[in-house]
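Under our numbering, think of the first position of the sequence shown as 11, with each following residue one higher. Notes follow once the structure below has been shown.
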Amino acid sequence: MAGYTDSAFRQIVKKLAPDTICITELISADGIKFKGKRTMEYLDFDESERPLIVQLFGKKPDFFQEAAQVVEAQKADGVNINMGCPARKVIGSMHGSALLTDPNLAEEIARTTVKATKLPVSIKMRIGFKEYDKKYFLDLIKRFEQAGIESLIIHGRTTSQGFSGEADWKPIYLAKKTLKIPVIGNGDITSAKIAKKRLKNLDGIMVGRATFGNPWIMAEIQATLEGKKYTPPQSLEEKIPLILEHARLAIESKDRKGLLEMRKHLAAYIKGFPGASKFRGKLVQVESLKEIEEIFDDIIV
Ligand SMILES: Cc1cc2nc3c(=O)[nH]c(=O)nc-3n(C[C@H](O)[C@H](O)[C@H](O)COP(=O)(O)O)c2cc1C
11 MAGYTDSAFR
21 QIVKKLAPDT
31 ICITELISAD
41 GIKFKGKRTM
51 EYLDFDESER
61 PLIVQLFGKK
71 PDFFQEAAQV
81 VEAQKADGVN
91 INMGCPARKV
101 IGSMHGSALL
111 TDPNLAEEIA
121 RTTVKATKLP
131 VSIKMRIGFK
141 EYDKKYFLDL
151 IKRFEQAGIE
161 SLIIHGRTTS
171 QGFSGEADWK
181 PIYLAKKTLK
191 IPVIGNGDIT
201 SAKIAKKRLK
211 NLDGIMVGRA
221 TFGNPWIMAE
231 IQATLEGKKY
241 TPPQSLEEKI
251 PLILEHARLA
261 IESKDRKGLL
271 EMRKHLAAYI
281 KGFPGASKFR
291 GKLVQVESLK
301 EIEEIFDDII
311 V
C-alpha cells in the first residue's frame, strides 16, 4: 500500500508472521524504464522480506516489459500488476483500475509482462470499474488466465466505490470456481476470525488497512489458519519495542523520508490507547528516533 508497505514495514510484518507474502507499494513502470532515482529506491528490499513481490503500475505494455526485466534483475520473487488503484490522478492517466475499462490493453499488458520475465506475474484488480458486471468480469479474468497470469488478487469493490460500502466477496468466490489459477481475496479483513470465515475455497487472503498500527494481525491470522493460538500484545508498553524497531528500520533505510512516513504509523500504533490524542500531536511532528523514544518514555510512566 502506497505510503505504508515500504521495506521497514514489510520487515516488521515478516518478523511477526513469516508466512506473509508481502507486496511493495505501487511502483511506476515508466519510472523504472527511465531509471528515475526515486522510483528505483522503491525496489530496495531486505532478504528477510522474501518472497517479495514488486507491484507495477502503468499503461504501456513495452514499459511493463522493461520494468519486469529490471525487477527480475533486482532478484525480487514476483511481479504484480496494479489494476486496482482508484486514485483520481492514477486513473486519470489510464493507470491502475482504469485498465479494467480496456480489456484489450489490460490483456496485452498481462501477456507482455508474462513473456518478459521468468518471475511469476500476478494481477491485483477490483471487481469492476463503474459497476460489477458478471459476464464482463468473468471474460476479463479468463483472458488474464489465458495470458499466463500466475495468480489473481481481487478486491471486492468497484472503482466507483473507492473504499466505501462493504466489499462483495461473491465475485471473488466465483472467480475461484471459474479459474484454475490461485485466487486471493481482499477487502475488509479486520480480524483473524473474519479472515478464516472469508477464506472458504480461496487460496489466500490479502489484508490492507487493518495492518495500519496493527501488524500483529498478520500473526493472528497465520496462527488461526494453522489452528494455533496467538495472543497479540495488549498494552502499549508491550508494543513499544516493536514500534521502535519499526521506526529505526524506517529511518535507517530512508533517512528523513522514512521519519516523515513513520509519523502516520506512530499515530496509528497509539490509536485507542488512553491519552492517545495528546501524544498523537507530538508523534506526528517528531524529528528523530530519539524524540520518538522520549515520547514513548513519557507515555508509559
Ligand atoms: C493508503 C492506501 C494505499 C493503498 N495502496 C495500494 C497500492 O499501492 N497497491 C494496491 O494494490 N492497493 C493499494 N491499496 C488498496 C489495498 O491494497 C486494498 O485493496 C484495499 O485497502 C482493500 O483492502 P482492506 O479492506 O483490507 O484495506 C491501498 C489502500 C490504502 C488505504
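Glycine included, every Cβ here is placed at the ideal spot set by N, Cα and C.
- Between the alpha carbons of residue 181 and residue 212 lies a gap of roughly 12 Å.
- Taken from the Cβ of residue 135, every heavy atom of ligand 1 lies 6 Å or farther away.
- For a cut-off of 8 Å, the C-beta gap from residue 223 to residue 275 is around 7 Å, short enough to register as a contact.
- Across the set 300, 195, 216, 308, the C-alpha of 308 shows the shortest separation from the C-alpha of residue 284.
- As computed with DSSP, residue 62 is found in a beta bridge with 32.
- Following the DSSP letters along the chain, one finds residue 134 inside the beta strand (DSSP E) bounded by residues 131-138.
- Relative to ligand 1, residue 218 has its C-beta within less than 6 Å of a heavy atom.
- Per DSSP, the unbroken alpha helix (DSSP H) holding residue 256 starts and ends at 246-280.
- In the displayed model, residue 285 falls within coil according to three-state DSSP, outside both helix and strand.
- Ranking 178, 193, 156, 103 by CA distance to the CA of residue 138 puts 178 first.
- In the three-state reduction of the DSSP assignment, residue 104 falls in the coil class.
- The Cβ atoms of residue 49 and residue 41 sit closer than 7 Å to each other.
- Across the structure, residue 122 and residue 159 are spaced so that their CA atoms are roughly 11 Å apart.
- Beta bridge pairing from DSSP links residue 214 with 194.
- Per DSSP, the continuous alpha helix (DSSP H) segment holding residue 114 begins and ends at 113-126.
- Residues 106, 107, 134, 135, 136, 165 of the same chain have their beta carbon placed closer than 7 Å to that of residue 94, with the five preceding and five following residues left out of the count.
- Per DSSP, the continuous alpha helix (DSSP H) segment holding residue 17 begins and ends at 17-26.
- Counting C-beta atoms within 10 angstroms of its own C-beta, residue 287 has fewer than 16 neighbours from the protein chains shown and is therefore classed as exposed.
- Residue 261 counts as buried, since no fewer than 16 other beta carbons sit within 10 angstroms of its beta carbon.
- Of 152, 144, 186, the smallest CA-CA separation from residue 168 is found for 144.
- Ranking 29, 170, 293 by CA distance to the CA of residue 110 puts 170 first.
- Two segments are said to touch when three or more pairs of C-beta atoms, one from each, lie closer than 8 Å; by this definition the stretch 57-65 touches the stretch 78-91.
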